[in-house]
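The listed protein sequences derive, respectively, from chains C and E. So in the working numbering, the last one in the first sequence is 272, and the numbering has no gaps at all. So in the working numbering, the last one in the second sequence is 453, and the numbering has no gaps at all. Everything on this sheet refers to the single structure shown next.
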Amino acid sequence: MVSPAVRKKLVIAILLLGAFAVAAVLMQVAAQYLTALPGVQGTGATTGLEEKSAFSAADFIYGPQSWRPYQTRLDIGTVAYANRTYVLMFIPLNGTPFGGNPALHQRGSVRVHYTFENLTGEAAFHVYGFRQLDGLWVTNRQEEFGTSGYYVIGGDSPAGPIPVAASHPVPDTYTIQLSSGLPAGIEGIDASSLTFHFTQRPGSGLDSLHITTDLARKKGEVITTPLQEGTFYVTHTGGNPIKVLILMVAVSPGQPDDFRVHLASEFAGETS
Amino acid sequence: MNPRKPYFSLYELSILSICGGLIFVLKTAFKIPLHLPGHSGIFWVIPVMFAVAVVRKPGSGTYVGVISGLLTAFFGMDPLGMMDSITYLALGVAVDIEGVIFRYRFDHPAIGFVVGASSNIAKMLVNYAIQLALGVLPVFIILGIGITSVTHLVFGGIGGIIAAVIIARLMKAGIIAGHES
């Protein structure tokens, strides 16, 4: 037994804890209602890519370069072709993939459909996700166990070499410009100066986002295909929710004037 | 001239240091795949409450928090490095304050629940404050604070109850000193 004075404090403490939890839940519900961020309800029903779904060579504003942002630079190409150079663009996808505990929320992936017109050389897809809880970015793993990525083989070699003066690599600050607007409802992010911040723990942030064509293989795979039209999925197996999903598209430099890539994305359920 | 008596005896410092190290060991050894924020509170509140229940001096929880925070930071267990040691300091301070408020009656399950839950929440709040200071947008924190608060409360509370049961058993067996009747 405890003394009456301690018992009184105990009751007050339990009431305070309960009030804090209720207030926090109400705050979250209100914030979700007011902001309606993509993926919060598990639908991902936003209109980001619909603002712009066809991209030409002029939209690939970075490069030529062989690397992409992470705490240490990652190769864009596969291990066998790590030195290949590409020009890059970054675009936001509709919806966000959800991993984690199925008892708490719907799990699901983001389906990406692409169509290339007159692609020469090679194209590569990689993804970046903004983690809600710590504000850091994650990406798909490039090397060692658990790699994933998507590569499309195009026609003959692209046109001649790009002059050095045209080089515009991703800055060392990793502050990038998007080639399409952010999905509606994402408040407080300046799309004109989106900056990737990564955890400084070596190797961290590479094992939660994956690219796959088979949802039974959620941890992803490296796919190389000659198909100029296809579909792949971005999956999530981490516990920290992803709130913004960015697709990095890389193509060989020197694409022809009539080169186009059409992209569409949407939230897909776990078994879609 | 008599030498000044230290605030913590050698025995007390040993208990506090071992418990501080135990938090680090538990965090390293137990990887529970729950994917719920704050779930580690189910085991790390036990050493802190045990240490404070044995030593029964203000500052004992803070000492345990400093030791565990430094160990975690130096071994790179958490992504924010040295900043994470502040979160462990916060949990130690929270247990210290509640030890004084509840007169170190950590053998009572209800008090154990309150102390475990509130110290886990204190750690969460300090973690959020650090993230805000590092530039994370408030909207991203608010969008997760509801579920996160509830899971921190539940897991910290369960850990606190387990600690209370252990402390009560040890007191009953006469291994550690009981509360003043």
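Beta carbons are placed, not taken as given, at the ideal position from N, Cα and C, and that holds for glycine.
Proximal chain C residues relative to residue i, where beta-carbon distance stays under 9 angstroms
i	result
F374 of chain E	V2, V6, K9, L10 and A13
Chain-ordered chain C contacts of residue i [CB-CB under 8 angstroms]
i	result
G348 of chain E	R201
R377 of chain E	V2 and V6
I383 of chain E	V2, V6 and L10
A389 of chain E	L17
I393 of chain E	L17 and F20
As assigned by DSSP and simplified to three states, the class of residue i
i	result
F25 of chain C	One point to set straight first is that residue 25 of chain C is Val, not Phe, in the sequence displayed. Of the three classes helix, strand and coil, the one that applies to V25 of chain C here is helix, per DSSP.
P4 of chain C	helix
C291 of chain E	helix
V437 of chain E	helix
K243 of chain C	strand
S109 of chain C	strand
T213 of chain C	coil
E143 of chain C	coil
V40 of chain C	In this prediction, V40 of chain C scores a pLDDT of 40, lower than 50, which makes its location untrustworthy; no coordinate-derived value is stated.
E221 of chain C	coil
H168 of chain C	strand
P64 of chain C	strand
T231 of chain C	strand
Y456 of chain E	In the structure as shown, chain E starts at 273 and stops at 453, and residue 456 of chain E therefore has no counterpart that could be examined.
G155 of chain C	strand
A268 of chain C	strand
A123 of chain C	strand
A405 of chain E	helix
L10 of chain C	helix
R448 of chain E	Here the sequence assigns Ile to residue 448 of chain E, which means Arg is not the residue at that position. Looking at I448 of chain E - three-state DSSP - the assignment turns out to be coil, as it is neither helix nor strand.
Q32 of chain C	helix
N83 of chain C	coil
T46 of chain C	Caution is warranted here: a pLDDT of 40 is assigned to T46 of chain C, below 50, making its placement in the model unreliable, and the coordinate value is therefore given only provisionally. Coil, per DSSP.
T199 of chain C	coil
F286 of chain E	Reading off the sequence shown, one finds Ser at residue 286 of chain E, where the question assumed Phe. Correct three-state label for S286 of chain E: helix.
K69 of chain C	The sequence as given places Pro at residue 69 of chain C; Lys does not occur at that position. Residue state, collapsed to three classes: coil.
P410 of chain E	helix
Interface residues of chain C facing residue i [CB-CB closer than 7 angstroms]
i	result
L425 of chain E	L17 and A21
S289 of chain E	Under the 7 angstroms cutoff, chain C gives no residues; its nearest Cβ is about 26 angstroms from S289 of chain E.
V386 of chain E	L10, A13, I14 and L17
Selection from the options that minimises the alpha carbon distance to residue i
i	options	result
Y360 of chain E	E:F302, E:I393 and E:L406	E:I393
A440 of chain E	E:A389, E:V386, E:V326 and E:V317	E:V326
I413 of chain E	C:Q65, C:A24 and C:A82	C:A24
L245 of chain C	C:S180, C:Q200, C:P253 and C:E229	C:S180
I448 of chain E	E:R328, E:I383, E:V320 and E:V317	E:R328
T334 of chain E	E:A345, E:V367 and E:P319	E:V367
L263 of chain C	C:F116, C:T195, C:N140 and C:V87	C:F116
G348 of chain E	C:Y128, C:N240, C:V11 and C:S204	C:S204
V437 of chain E	E:S281, E:P381, E:L282 and E:A445	E:P381
R141 of chain C	C:H168, C:Y150 and C:S109	C:Y150
I419 of chain E	C:I61, C:P4, C:H197 and C:A21	C:A21
T72 of chain C	C:T199, C:G220, C:M89 and C:D214	C:T199
A54 of chain C	C:Y114, C:I61, C:L74 and C:T237	C:Y114
T120 of chain C	C:D134, C:G155, C:V234 and C:S109	C:G155
L298 of chain E	E:I318, E:P309, E:Y279 and E:Y283	E:I318
Q127 of chain C	C:A268, C:S148 and C:I153	First, the amino acid is wrong: residue 127 of chain C is Val here, not Gln. Of the listed residues, the one whose Cα sits closest to V127 of chain C is C:S148.
A323 of chain E	E:I339, E:I430 and E:L308	E:I339
W316 of chain E	E:I402, E:A389 and E:L406	E:A389
A405 of chain E	E:I358, E:L285, E:P275 and E:G293	E:I358
Q177 of chain C	C:P256, C:F60 and C:W137	C:F60
I242 of chain C	C:Y70, C:G146, C:L10 and C:D134	C:D134
E144 of chain C	C:F130, C:T212 and C:L74	C:L74
L227 of chain C	C:T213, C:T235, C:R217 and C:K219	C:T213
G371 of chain E	E:M354, E:M355 and E:S391	E:S391
For residue i, the residue or residues it bridges with in DSSP
i	result
A54 of chain C	C:H262
I76 of chain C	None; I76 of chain C has no bridge partner.
M89 of chain C	C:V249
F130 of chain C	C:W137 and C:V244
H236 of chain C	C:L209
F116 of chain C	C:V261
L194 of chain C	C:I176
G149 of chain C	C:V222
F98 of chain C	C:G108
Per-residue contacts from residue i into chain E (C-beta, under 8 angstroms)
i	result
M27 of chain C	I414, I417 and G418
P241 of chain C	G416
Chain E contact residues for residue i, given Cβ-Cβ distances below 7 angstroms
i	result
Q32 of chain C	L415
A24 of chain C	I417, G418 and S421
Could I get the ranges of all uninterrupted alpha helix (DSSP H) runs contained in the region 300-385 of chain E, with 4 residues as the minimum, in chain order? If we require 4 residues or more, the alpha helix (DSSP H) runs fully inside the region 300-385 of chain E come out as 313-327, 332-346 and 354-373.
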